[in-house]
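Numbering (the numbering used here), first residue to last: 130 to 236. Here the structure is laid out as C-alpha cells; the discussion comes afterwards.
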C-alpha cells in the first residue's frame with residue numbers, strides 16, 4: 130500500500146473494522162486514584178506481581194490492556210488503599226476502573 134501525502138495536506142485515514150481503537154481516553158481509574166490521593170508508584174509498590182509505572186500510566190490514560198493486566202491493576206489499587214490504612218465498602222473490580230470491557234480471548 131502506497132500512501133503519499135502532498136505537503137500541506139492532512140491525512141484523513143480511517144480505521145478498518147479489523148483494527149481496534151487503542152486510545153480510549155481517561156479511565157475511571159484516573160478519578161479513583163485522584164480521589165484517594167494515589168500515584169502510579171503507590172500501585173507499583175503495592176502490587177504483588179510485576180507491575181511497571183508505564184503500565185499504570187497506560188491504564189490511567191486509556192490504552193487498551195490485556196485482561197490479566199487489568200486484573201493486576203485492580204488488585205494493586207485495592208491493596209494500595211488497604212496499605213494506606215483506609216477501607217472501601219467493596220473491592221474495586223475491572224468494570225469499576227475501565228470504561229471498556231476486557232478483550233475476549235481467541236483460541
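All residues carry an ideal CB built from backbone N, CA and C; glycine is no exception. What you are looking at is a predicted structure, and each value in this text was computed from that prediction instead of being measured.
Counting the other CB atoms within 10 Å of its CB gives residue 188 a total of 16 or more, which places it among the buried residues. In this structure, DSSP gives residue 234 a state outside helix and strand, which the three-state scheme calls coil. Cα atoms of residue 184 and residue 191: separation of roughly 11 Å, rounded to the nearest angstrom. In the three-state scheme derived from DSSP, where H, G and I count as helix and E and B as strand, residue 228 is classed as coil. In the three-state reduction of the DSSP assignment, residue 189 falls in the helix class.
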